[in-house]
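Trainee: The structure follows.
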Amino acid sequence: MAVASGAYKKALEGDQKPKEVLVKIDRVTKKFDETIAVDDVSLTINKGEIFALLGGSGSGKSTLLRMLAGFERPTEGRIFLDGQDITDMPPYERPINMMFQSYALFPHMTVAQNIAFGLKQDRMSKTEIDERVAEMLKLVQMSQYAKRKPHQLSGGQRQRVALARSLAKSPKLLLLDEPMGALDKKLRSQMQLELVEIIERVGVTCVMVTHDQEEAMTMAERIAIMHLGWIAQIGSPIDIYETPTSRMVCEFIGNVNLFDGRVVEDMEGHALIASPDLERAIYVGHGVTTSVQDKQITYAIRPEKLLVTTEMPTCEYNWSRGKVHDIAYLGGHSVFYVQLPSGKIVQSFVANAERRGARPTWGDEVYVWWEDDSGVALRS
Amino acid sequence: MKRFSFSNVMLVLGLLFIYMPMVILVIYSFNASKLVTVWGGWSVKWYVGLLDNTQLMNSVGRSLEIAFYTAISAVILGTLAAFVLTRITRFKGRTLFGGLVTAPLVMPEVITGLSLLLLFVAMAQMIGWPQERGILTIWIAHTTFCASYVAVVVSARLRELDMSIEEAAMDLGAKPWKVFMLITIPMIAPSLAAGGMMSFALSLDDLVLASFVSGPGSTTLPMEVFSAVRLGVKPEINAVASLILLVVSIFTFLVWFFSRKAEKRRLKAIQQAMDETTGAANLAGPDSRRDPSQQHAPA
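Note that the protein sequences, when read in sequence, are chains F and L.
Residue numbers for the first sequence, in the working numbering: 1 to 380.
Residue numbers for the second sequence, in the working numbering: 1001 to 1299.
Here it is as structure tokens:
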């Protein structure tokens, strides 16, 4: 897994080619009786990208996906695919295919028949179908299993067949519903990269739904965080992790230390935030746009950017005294829970770069500190 | 002694209670005496005599014919009802429809039979159809209650099916009717067969409904047996009953035998597939270790 995943690589390289919009979701709302599952969502998905809808259960992500597939009809709003309004088109007419969470392979058909099913509906000739099926089997490396029935396959193999079946018709848009939901953890990370590789080789646009942030960050180029039916933030994995726009996104993705405070000095080049949890002010290396009335702000800093040291920092801002409250050793890194004088407990990730280094232990007096640009000031 | 524990004794007593009468019936069907309750030595003359009894043989044929038609029509109607009840989740009067479908299960047969008789008579007077009661009316009557049984069996199966399989077929471009024929029907085939067999047995067994709606010359086997018994049990009836027992036993045995064979084959195939995958994983093991990309894998 030393190979950078497609999404991360692309995010680093930046996009040279102009973005072409494939899917446009225009103010879509879905109500089930009185509960609102999807609430006035608008977003665009570009050609060739892998887009993830990330959210907890009941966030509306699956409903949105099912509306793209055509299994649910939006209560309000329109969906466009390649400029064509597909809102009222039944699922069997849409050039969109889906890979289901349970894979939904047809149990009474062999692997080859499963893959051929969609092609048969298009009334392709038998030789063409056979060719295409062979091609798809080769793509997912399942050629030797063509005559097997689904119940004779392992979980990973079933997933490959499901992928081949949904790609066989060369859809304009591929939908993945919790693609790794039915796999165990080890197989999961392996299949994530394999899936991305196959999708990129085929060059199909892909929308996936997941509740697993690691999966979304590994596979997707852009992620939409969904919460209670609306979209909290859309951006690349880096954007969402490093510059979350709201407290909700910040807490949903990864771990975070939050300090509620008040802006006491706001200049163009820097700002100072006073937090009751900290003895010293927080120095932010850029101006914070605040309204005159409301000076309340939340400062968020990721645990890996909060550093623990035994020597007192010499700078004026951005550090605090503390006492090691607890340590969790996780192999690759340890999580230090440091109690500040105010009683607040903050988390810090310390990489275990040395096998046996001298490091603070339970009850030790330590200092936590961070760089000027390590954290994010959040207005909401 | 473990062999004579309470539960074992109860088991034997229970089995005897259920099967003893049938064993006695089979034994008495080989009775040489004309008197049913008096043993007069072994003989197969009642079996031979059966073939000459055209009235009885005709009723057997008629019953089988009705049972066959009933099985087919009940499976079709019952499956359609079950599909509507499980797959179309919201329509007006769904609860009422569900109740109406299952009502014949608890309805006393006498009431169903009487009301059907009244209906057929009224229809014959109003529209002139059915002109006379016979096989057709018995078939209709049997279908009404057998369809309910089929609906219950099939809807149980439909409910436990993964809906996403049908959605996947639709997603791949199959229209709803094609999805039903190509995907749903093959997946619920075992329950269709079970429903059909149940309908067949119920129809073959029914006396009450058939008595109400049958006409002249359409006497079914249960009616024939029942009327014969009323005039005193003839050893011939024992022979017929024994033959039915034999057919049912052979059929049950065959079903059990083939389903066990299929199950064994399935388990073997799964075992084989698992062996092959683990074998492949073992072969792939050293390769992945040599693969440089696997060496410094961050968490």
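Idealized CB from N, CA, C, for every residue including glycine.
When the Cα atoms are used, what is the spatial distance from L:Arg1265 to F:Asp26?
Mentor: Taking the second sequence and counting its residues from 1, one reaches residue 1265 of chain L at position 265. Taking the first sequence and counting its residues from 1, one reaches residue 26 of chain F at position 26. Cα-Cα distance, rounded: 53 angstroms.
Trainee: Can we say the region 1074-1094 of chain L touches the region 1141-1154 of chain L, given the rule of at least three CB pairs closer than 8 angstroms?
Mentor: As far as the Cβ criterion goes, the region 1074-1094 of chain L touches the region 1141-1154 of chain L, which means the pair count is three or higher.
Trainee: Taking F:Val394 and F:Leu65 to be in contact with their CB atoms under 8 angstroms, please state how far apart those CB atoms are, rounded to whole angstroms.
Mentor: Outside the shown range of chain F (1 to 380) lies residue 394 of chain F, about which nothing can therefore be said.
Trainee: Whole angstroms are fine: how far does the CA of F:Pro91 sit from the CA of F:Leu217?
Mentor: Here residue 217 of chain F refers to the residue found at position 217 when the first sequence is read from its first residue. Here residue 91 of chain F refers to the residue found at position 91 when the first sequence is read from its first residue. Correcting the residue identity first, residue 217 of chain F is Met in this sequence and not Leu. Going by the C-alpha atoms only, they are around 29 angstroms apart.
Trainee: Where do the N-terminal and C-terminal ends of the alpha helix (DSSP H) with L:Phe1145 fall, by residue?
Mentor: For this step, residue 1145 of chain L is matched to residue 145 along the second sequence. Ile1135 to Glu1160 is the extent of the alpha helix (DSSP H) around L:Phe1145.
Trainee: DSSP puts F:His333 in a beta bridge; with which residues?
Mentor: The count along the first sequence starts at 1 and reaches residue 333 of chain F at position 333. Answer by DSSP bridge pairing, in chain order: F:Ala351.
Trainee: Considering only DSSP beta bridges, list what F:Ala52 is partnered with.
Mentor: What you label residue 52 of chain F is simply residue 52 of the first sequence in a count that begins at 1. According to DSSP, which records beta bridges pairwise, F:Ala52 is partnered with F:Met208 and F:Ile223.
Trainee: Along chain F, in chain order, which residues have C-beta atoms closer than 9 angstroms to that of L:Glu1167?
Mentor: Position 167 of the second sequence holds residue 1167 of chain L. Arg66, Ala69, Phe71, Pro91, Met98, Phe100 and Ala104, listed in chain order.
Trainee: By DSSP, does F:Phe32 sit in helix, in strand, or in coil?
Mentor: As a working note, residue 32 of chain F is residue 32 in the first sequence. Here F:Phe32 sits in strand by DSSP.
Trainee: Could you tell me whether the region 142-160 of chain F touches the region 71-91 of chain F, using the rule of 3 or more Cβ pairs below 8 angstroms?
Mentor: In short, these stretches do not touch, since the Cβ pair count stays below three.
Trainee: Below 8 angstroms between beta carbons: does that hold for F:Leu137 and F:Ile129?
Mentor: Position 137 of the first sequence holds residue 137 of chain F. Position 129 of the first sequence holds residue 129 of chain F. Contact: no.
Trainee: Alpha carbon to alpha carbon, what distance is there between L:Val1023 and L:Val1300?
Mentor: For chain L, the structure presents residues 1001 to 1299; residue 1300 of chain L sits outside this window and is missing.
Trainee: For L:Met1170, which residues in chain F fall below 7 angstroms Cβ to Cβ?
Mentor: As a position in the second sequence, residue 1170 of chain L is number 170, starting the count at 1. Neighbours of L:Met1170 on chain F, chain order: Pro91 and Tyr92.
Trainee: Pull up the distance between the alpha-carbon of F:Ser125 and that of F:Glu131, whole angstroms please.
Mentor: For the purposes of this step, residue 125 of chain F is taken as the residue at position 125 of the first sequence. For the purposes of this step, residue 131 of chain F is taken as the residue at position 131 of the first sequence. Rounded to the nearest angstrom, the two C-alpha atoms are 10 angstroms apart.
Trainee: Cutting at 6 angstroms between CB atoms, please list the residues of its own chain near F:Ala116, excluding the five before and the five after it.
Mentor: Your numbering for residue 116 of chain F matches position 116 in the first sequence. Excluding sequence neighbours, F:Ala116 sits near Ile129 and Val133.
Trainee: Taking only beta-carbon positions, decide if F:Gln141 is within less than 8 angstroms of chain L.
Mentor: Indexing the first sequence from 1 puts residue 141 of chain F at position 141. Chain L, which has no Cβ nearer than 8 angstroms to the Cβ of F:Gln141, makes this no.
Trainee: According to DSSP, is L:Ser1249 helix, strand or coil?
Mentor: Here residue 1249 of chain L corresponds to residue number 249 of the second sequence, with the count starting at 1. Note: L:Ser1249 maps to helix in three-state DSSP.
Trainee: What are the boundary residues of the alpha helix (DSSP H) that F:Thr63 is part of?
Mentor: For the purposes of this step, residue 63 of chain F is taken as the residue at position 63 of the first sequence. First-last of the alpha helix (DSSP H) with F:Thr63: Lys61 to Ala69.
Trainee: Based on the DSSP output, what are the partners of F:Phe80 in its beta bridges?
Mentor: As a working mapping, residue 80 of chain F is identified with position 80 in the first sequence. According to DSSP, F:Phe80 bridges with F:Lys24 and F:Asp85.
Trainee: Would a C-beta distance cut-off of 8 angstroms place F:Met98 and F:Ala52 closer than the cut-off?
Mentor: As a working mapping, residue 98 of chain F is identified with position 98 in the first sequence. As a working mapping, residue 52 of chain F is identified with position 52 in the first sequence. The answer is no: Cβ separation not under 8 angstroms.
Trainee: In the DSSP assignment, what are the bridge partners of L:Phe1200?
Mentor: Translated into the one-based positions of the second sequence, residue 1200 of chain L becomes position 200. L:Phe1200 pairs with nothing; no bridge assigned.
Trainee: Kindly say whether F:Arg148, judged by its beta-carbon, lies nearer than 8 angstroms to any beta-carbon of chain L.
Mentor: The sequence position of residue 148 of chain F within the first sequence is 148, counting from 1. Yes, because at least one Cβ of chain L sits closer than 8 angstroms to the Cβ of F:Arg148.
Trainee: For the alpha helix (DSSP H) containing L:Val1048, name the first residue and the last one.
Mentor: Here the question's residue 1048 of chain L lines up with position 48 in the second sequence. Segment Lys1045 to Asp1052, the alpha helix (DSSP H) holding L:Val1048.
Trainee: So what does DSSP say about F:His151, is it helix, strand or coil?
Mentor: To locate residue 151 of chain F, count along the first sequence from 1; it is residue 151. Three-state DSSP puts F:His151 in a helix.
Trainee: Identify the continuous beta strand (DSSP E) that holds F:Ala300 and give its terminal residues.
Mentor: The residue given as residue 300 of chain F occupies position 300 in the first sequence. Residues Gln296 to Ile301.
Trainee: In the DSSP assignment, find the beta strand (DSSP E) that holds F:Ile282 and state where it starts and stops.
Mentor: The residue given as residue 282 of chain F occupies position 282 in the first sequence. Its beta strand (DSSP E) spans residues Ile282 to Val284.
Trainee: Taking Cβ-Cβ distances below 7 angstroms as the criterion, which residues of the region 1185-1196 of chain L are in contact with chain F?
Mentor: Per Cβ criterion, the list reads Pro1186 and Met1187.
Trainee: Kindly indicate which residue of F:Ala162, F:Ser102, F:Pro74 and F:Ile96 has the alpha-carbon position closest to the one of F:Thr110.
Mentor: Taking the first sequence and counting its residues from 1, one reaches residue 110 of chain F at position 110. When each option's Cα is compared against that of F:Thr110, the closest is F:Ala162.
Trainee: Would you call the region 333-353 of chain F and the region 273-283 of chain F touching, i.e. three or more CB-CB distances under 8 angstroms?
Mentor: These segments touch.
Trainee: My assumption, with CB atoms under 8 angstroms, is that F:Asp177 sits in contact with F:Gln101. Please give the rounded CB distance.
Mentor: Within the first sequence, numbered from 1, the residue matching residue 177 of chain F stands at position 177. Within the first sequence, numbered from 1, the residue matching residue 101 of chain F stands at position 101. Yes, they are in contact, since the Cβ atoms of F:Asp177 and F:Gln101 sit about 5 angstroms apart, within 8 angstroms.
Trainee: Counting only beta-carbon atoms, is L:Ser988 nearer than 8 angstroms to chain F?
Mentor: Chain L is shown only over 1001 to 1299; residue 988 of chain L falls outside these bounds and no answer can be derived.
Trainee: At least one CB of chain F closer than 8 angstroms to the CB of L:Lys1175: is that the case?
Mentor: Working through the second sequence from its first residue, we reach residue 1175 of chain L at position 175. Chain F contact via Cβ: present.
Trainee: Taking only beta carbons into account, state which residues of the region 260-271 of chain F come closer than 8 angstroms to chain L, listed in chain order.
Mentor: Within the region 260-271 of chain F, no residue has a Cβ that lies closer than 8 angstroms to any Cβ of chain L.
Trainee: Take the Cβ of F:Ala232 as the centre, count every other Cβ of all protein chains shown within 10 Å, and call the residue buried at 16 or more, exposed below.
Mentor: Here residue 232 of chain F corresponds to residue number 232 of the first sequence, with the count starting at 1. By the 10 Å Cβ count, F:Ala232 comes out buried.
Trainee: Anyone know if the C-beta pair for L:Arg1062 and L:Ser1218 falls short of 8 angstroms?
Mentor: Within the second sequence, the letter at position 62 stands for residue 1062 of chain L. Within the second sequence, the letter at position 218 stands for residue 1218 of chain L. Yes.
Trainee: Answer yes or no: do F:Ile327 and F:Tyr299 have a C-beta to C-beta separation smaller than 8 angstroms?
Mentor: In the first sequence, counting from the first residue as 1, residue 327 of chain F sits at position 327. In the first sequence, counting from the first residue as 1, residue 299 of chain F sits at position 299. The answer is no: Cβ separation not under 8 angstroms.
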